[in-house]
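Novice: Pasting a structure here, questions to come.
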Amino acid sequence: MKKRNIWAVSLIVLTIILALAGCSQQDENKIAATKDDKKVFTFSWSGDIGDLNPHTYFPNEFFSQAMVYESLVYYGEDGEIKPWLAKSWDVLEDGKEYIFHLRDDVKFSDGSAFNAAIVKKNFDAVLANREQHDWIDLINQIKTTEVIDNYTFKLTLHHAYYPTLQELTYVRPLRFVAESAFPASGDTFTDGLTAPIGTGPWVLKEHKENEYAIFESNDTYWGEKPKVDEVVVKVITDGESRVLAFEKGELDMIFGNGVISQDSFKFLKESGKYETKISEPTATRTLLFNTNRETMSDKNIRLALQHAFDKDAVIDNIFYGIERKADTLFPQNLTYTNVEVDPYAYDVEKATALLDEAGWKTVKGKEFREKDGQPLQLELLFISTDNIQKSIAEFVQGDLRKIGVDVKLTSQESNTFWTTAFDGHYDILFTATWANPFDPHSYLASITTDSSGGGPDYYALSGLSFKKELDTRIKEVLLTTTEEDRIKQYHQILTMLHEEAVYLPISYQSNIAVYKKNILGVDFLPQEVEIPTTTIDMKN
Amino acid sequence: MKTFRQHSLLIVSATVLVIFTAVAIFAPFIAPNDPYYVDLTQKLQPSSKGYPLGTDHLGRCQLSRLLFGARTSLSTACIVMSITFCISVPIGIFAGYMGGIIDTWFIRICDMLMAFPSFLLSLAFVGMLGPSYGHLILAMVCVQWVFYARFIRGMVLSVKERSFVMVARICGTSPFKIAIKHIVPTILSSVIVLLFMDIGGVILSISGLSFLGLGVQPPNAELGMMINDSKPYFRSHPMQMMYPGLIIFFVVISFNVFGESLRQWLQVERRL
Chain A
1 MKKRNIWAVS
11 LIVLTIILAL
21 AGCSQQDENK
31 IAATKDDKKV
41 FTFSWSGDIG
51 DLNPHTYFPN
61 EFFSQAMVYE
71 SLVYYGEDGE
81 IKPWLAKSWD
91 VLEDGKEYIF
101 HLRDDVKFSD
111 GSAFNAAIVK
121 KNFDAVLANR
131 EQHDWIDLIN
141 QIKTTEVIDN
151 YTFKLTLHHA
161 YYPTLQELTY
171 VRPLRFVAES
181 AFPASGDTFT
191 DGLTAPIGTG
201 PWVLKEHKEN
211 EYAIFESNDT
221 YWGEKPKVDE
231 VVVKVITDGE
241 SRVLAFEKGE
251 LDMIFGNGVI
261 SQDSFKFLKE
271 SGKYETKISE
281 PTATRTLLFN
291 TNRETMSDKN
301 IRLALQHAFD
311 KDAVIDNIFY
321 GIERKADTLF
331 PQNLTYTNVE
341 VDPYAYDVEK
351 ATALLDEAGW
361 KTVKGKEFRE
371 KDGQPLQLEL
381 LFISTDNIQK
391 SIAEFVQGDL
401 RKIGVDVKLT
411 SQESNTFWTT
421 AFDGHYDILF
431 TATWANPFDP
441 HSYLASITTD
451 SSGGGPDYYA
461 LSGLSFKKEL
471 DTRIKEVLLT
481 TTEEDRIKQY
491 HQILTMLHEE
501 AVYLPISYQS
511 NIAVYKKNIL
521 GVDFLPQEVE
531 IPTTTIDMKN
Chain B
541 MKTFRQHSLL
551 IVSATVLVIF
561 TAVAIFAPFI
571 APNDPYYVDL
581 TQKLQPSSKG
591 YPLGTDHLGR
601 CQLSRLLFGA
611 RTSLSTACIV
621 MSITFCISVP
631 IGIFAGYMGG
641 IIDTWFIRIC
651 DMLMAFPSFL
661 LSLAFVGMLG
671 PSYGHLILAM
681 VCVQWVFYAR
691 FIRGMVLSVK
701 ERSFVMVARI
711 CGTSPFKIAI
721 KHIVPTILSS
731 VIVLLFMDIG
741 GVILSISGLS
751 FLGLGVQPPN
761 AELGMMINDS
771 KPYFRSHPMQ
781 MMYPGLIIFF
791 VVISFNVFGE
801 SLRQWLQVER
811 RL
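Respectively, the protein sequence lines represent chains A and B. Reminder that position 514 of the first sequence reads as 514 in my numbering, one-by-one numbering, no gaps. Reminder that position 3 of the second sequence reads as 543 in my numbering, one-by-one numbering, no gaps.
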């Protein structure tokens, strides 16, 4: 009797195991089956693509929004604004009115027409939630939106706002969804979309949250069609797993920043089996100090950290020279960012002197400095899946320990990380500027607002005594009408930020691409956040 | 013949554990270098006179980190086990001795908690509370205590029917005194054997959680975390991962063998 029981139990267990194995096998088969007769390009991302709504932010990913939705104008090489859904435009009234002449051959992927009416509807839907989007000052500047005729759309602004066209190239929020995608309430920000329908080269075919997303080429696309039939985006959170998946042949490409460790990149490059590329510097990898915390509100502490950070060691030994050292918040090669400031040199003696001056003294028999009996502890927040952040964080912790500063490392998974960052529960935070086309003006504008599309900088900097003045200056520079004024004012703002030492720029980061030798057309696009899915081709 | 094999196993595993414990206790004196001293220029160095087992990805002495890692693992396991012991013994005895509705409820709670795989449950605990050393211990204890409490309750149920307890009761001895004087001494050896048998599993869980970044936090060295740290370098520097892995392997197997041999030697019944 007992023996029979064992058999019965084993049989049941076996059945369950086989059934479960069958399930996962099915998913794999589904992806594999499409592979035989079509060109299917696969890469991975560290998180899910989100709900594909161009009017919202996190957890949407820039690259996936850009695959499905398009803008009126396109950000080209060297910042040149190119016609896109609008084939031309006129600027009237000294820059207060923009008239866009739309293409008449564009259709949404559901077959409906793209015209001035739907452009207005999308603009109005975004403007209905102005405060959520006002990190782009254009949103505040828009006075009216008008349909002139079926293919002519007019935008009237309160002031002549110089970055208007540039901000219209952004991946979000001013991109267009079809009529049928609007929820009954019309509020795309709160209620989401009924379906992700855009005019772009890709259509979402299948999406399994946190596992994979499959995009297929849009048959009715007006522009040059993608060269591969399908793009599969697999979610792989961990860098090493990503490298293993790539080596196993499950992925065709690894793309992005911080997606694999520099050591793995070096290893893959030196293996000679794959093609590798590094983009020009895009954005600045920087530490942000939270001036609301009592310790960090002291300028001497911030200066001490600037001098105590050994950037060269990080560049040489963590980045292997792949990323270049940064001394200013923005790379000097962007428009308006070429400011002359004295970089903070690595100088441990100066750092210790500054700490002493701030009242944080070494105590005999104790490892860390103290002030009024409190040890000097700073909390450094980083994203647990970002290999580069982790290495730098551990280095900082070890290095600052030598001068008696206790750095507490808090690692969080990226969703929680951003929530904590926005809530301001940290002393030091890893962040980065936004790269083209956002730097410097949109990044600076985000400092002045707490909208969800902005950054943690608003809160972090709000402890500064001159924060109000800084905000006013940033708002002013966006409305300047002459080039000369603009250069002068940007110079003042950037010098101010540098002197207050609230940012500790580490390096100018680059995107990396590692791909199989049969993949062609991998180029870095002018907007750093986009992935070149339309130009990529596969040889057999 | 059989007893000789048992004894030899007991002796071998005990030796390994004594060495391990000694190393853990005296780590600060044995370690050749400061395990927390970061020097990026000395990154991933091979074995040398100054660094007997080379250095890790931040140029820290690998051997010193392993010694401190062993210390962290063992001390954490001991803390978890002691707290578990202190919680489960009174609760187990109370439930077993009182019986009735208290016992029924106790069993219900145990069944509920035991329905989940213990590692998954501790993972959920730490995940909710946030990663830190204190939360790691809390999570481990929350998951562990039910098993012991239930085991102790089972033993108490049989012990309380035995004649010497009956006699004590008839003489009017207070339940508290019965528990301390008669029940605890009877079940103690079994409980200790059980603790030893489980300590390996606890070390493994601590390493597992730390590997996932949920347990011991940097810069403190911990064996599981060291394996995670060496992940990006396992192709170029496989020994980085092997050292902590091997230590975990030998320590856990020694604890298991030691516990099992001890059980056989003391002839403790294994039941839950």
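We put the beta carbon where it would ideally sit given N, CA and C, even for glycine.
At the level of alpha carbons, what is the spacing between L381(A) and D457(A)?
Specialist: The alpha-carbon atoms of L381(A) and D457(A) are separated by roughly 14 Å.
Novice: Going by DSSP, what residue range makes up the beta strand (DSSP E) through Q412(A)?
Specialist: Looking at the DSSP string, the run of the beta strand (DSSP E) that includes Q412(A) is 406-412.
Novice: By Cβ distance below 6 Å, which residues in the same chain neighbour K371(A) in space, the five residues on each side in sequence not counted?
Specialist: Around K371(A): G359, W360.
Novice: At a Cβ threshold of 8 Å, is Y673(B) touching chain A?
Specialist: Taking Cβ atoms only, chain A never reaches closer than 8 Å to Y673(B), which makes this a no.
Novice: On a Cα-Cα basis, can you pick out the residue from S553(B), A761(B), M680(B), L584(B) that is closest to S317(A)?
Specialist: It is worth fixing the name first, because residue 317(A) is Asn in this sequence and not Ser. Residue L584(B) is the option with its Cα nearest to N317(A).
Novice: Is there a Cβ of chain A sitting closer than 8 Å to that of L603(B), yes or no?
Specialist: It does not: the Cβ of L603(B) has no partner Cβ on chain A nearer than 8 Å.
Novice: Would you tell me roughly how many angstroms separate the C-alpha atoms of S559(A) and L678(B), rounded to the nearest one?
Specialist: This structure leaves residue 559(A) out entirely; chain A is present only between 1 and 540.
Novice: With respect to the alpha helix (DSSP H) encompassing M645(B), which residues constitute its N-terminal and C-terminal limits?
Specialist: Note that residue 645(B) is Trp in the sequence shown here, rather than Met. W645(B) -> alpha helix (DSSP H) spans 640-654.
Novice: Per the contact definition of three or more C-beta pairs closer than 8 Å, is the segment 633-652 of chain B in contact with the segment 596-616 of chain B?
Specialist: Segments in contact, no.
Novice: With a cut-off of 8 Å, does the C-beta of R302(A) fall near any C-beta of chain B?
Specialist: No, no contact with chain B.
Novice: So which residues on chain B does A313(A) lean against when the C-beta distance must stay under 8 Å?
Specialist: Those within 8 Å of A313(A) in chain B are L580, T581.
Novice: Output the residue ranges of the alpha helix (DSSP H) runs that lie fully inside the segment 99-184 of chain A and measure 4 residues or longer, sorted by chain position.
Specialist: Those alpha helix (DSSP H) runs which fall completely within the segment 99-184 of chain A and span 4+ residues are 116-127, 130-133, 137-141, 164-168.
Novice: From this set, G79(A), F108(A), A116(A), F100(A), which residue's C-alpha is nearest K87(A)'s C-alpha?
Specialist: Selected option, being the one with the closest Cα: F100(A).
Novice: Quick one: does D399(A) have its CB under 8 Å from some CB of chain E?
Specialist: Among the protein chains in the structure shown, which are A and B, there is no chain E.
Novice: So which residues of chain A does P758(B) contact, with C-beta pairs closer than 7 Å?
Specialist: Those within 7 Å of P758(B) in chain A are E394, Q397, L409.
Novice: Do T284(A) and A178(A) come within 8 Å of each other at the CB atom, strictly closer than that value?
Specialist: Contact flag unset, no.
Novice: Might you give, ordered along the chain, the residues of its own chain that have their beta carbon closer than 6 Å to the beta carbon of T220(A), omitting 5 neighbours on each side?
Specialist: Closer than 6 Å at the Cβ level, and outside the excluded window around T220(A), lie K107.
Novice: Report back the beta-carbon spacing between K299(A) and A501(A) to the nearest angstrom; my notes put them in contact at under 8 Å.
Specialist: The pair is a contact, with the Cβ atoms about 7 Å apart (cut-off 8 Å).
Novice: Please tell me whether L378(A) and K350(A) are closer than 8 Å, where the distance is taken between their beta carbons.
Specialist: In this structure, K350(A) does not lie closer than 8 Å to L378(A) by Cβ.
Novice: In three-state terms, what does DSSP make of W805(B)?
Specialist: Of the three classes helix, strand and coil, the one that applies to W805(B) here is helix, per DSSP.
Novice: Is the beta carbon of H498(A) less than 8 Å from the beta carbon of T385(A)?
Specialist: Not in contact: H498(A) and T385(A) (Cβ atoms no closer than 8 Å).
Novice: So, with DSSP's three-state summary, where would you put V629(B)?
Specialist: Helix at V629(B).
Novice: Quick one: is L598(B) near chain A, going by C-beta distance under 8 Å?
Specialist: Answer yes: the Cβ-Cβ gap between L598(B) and chain A drops below 8 Å somewhere.
Novice: Could you tell me whether any Cβ in chain A is nearer than 8 Å to the Cβ of R775(B)?
Specialist: It does: the Cβ of R775(B) has a partner Cβ on chain A nearer than 8 Å.
Novice: L470(A) by DSSP, collapsed to three states: which one?
Specialist: Three-state DSSP puts L470(A) in a helix.
Novice: Quick check on this structure: which residue in L525(A), F524(A), D537(A) has the alpha carbon closest to the alpha carbon of K516(A)?
Specialist: Measuring from the Cα of K516(A), the nearest candidate turns out to be D537(A).
Novice: Excluding the 5 residues flanking F430(A) on each side, which residues of the same chain have their C-beta closer than 6 Å to its C-beta?
Specialist: Here the set comprises F382, Q389.
Novice: Comparing alpha-carbon positions, which option in I788(B), L806(B), S776(B) lies nearest Q262(A)?
Specialist: The option with the nearest alpha carbon to Q262(A) is S776(B).
Novice: Quick one: measure Cβ to Cβ for P772(B) and E240(A), integer angstroms, because I've assumed they're closer than 8 Å.
Specialist: Sure, about 6 Å apart at Cβ, within 8 Å.
Novice: Just reading off the alpha helix (DSSP H) that F524(A) is part of, what are its end residues?
Specialist: Here F524(A) belongs to no alpha helix (DSSP H), and DSSP marks it neither H nor E.
Novice: Going by C-alpha to C-alpha distance, which of K311(A), L334(A), Y336(A), S451(A) sits closest to R542(A)?
Specialist: In the structure as shown, chain A starts at 1 and stops at 540, and residue 542(A) therefore has no counterpart that could be examined.
Novice: Determine whether the beta carbon atoms of F659(B) and S588(B) lie at a separation below 8 Å.
Specialist: Not closer than 8 Å, so no.
Novice: What three-state label does DSSP hand S794(B) in the structure shown?
Specialist: If DSSP states are grouped into helix, strand and coil, S794(B) belongs with the helices.
Novice: Report the rounded CA-to-CA distance for I142(A) versus L754(B), giving the unit in angstroms.
Specialist: Distance between the alpha carbons of I142(A) and L754(B) is about 47 Å.
Novice: Could you tell me whether any Cβ in chain A is nearer than 8 Å to the Cβ of P784(B)?
Specialist: False, the Cβ-Cβ gap to chain A never drops below 8 Å.
Novice: With 16 as the cutoff for other CB atoms within 10 Å, does K700(B) come out buried or exposed?
Specialist: Label assigned to K700(B): buried.
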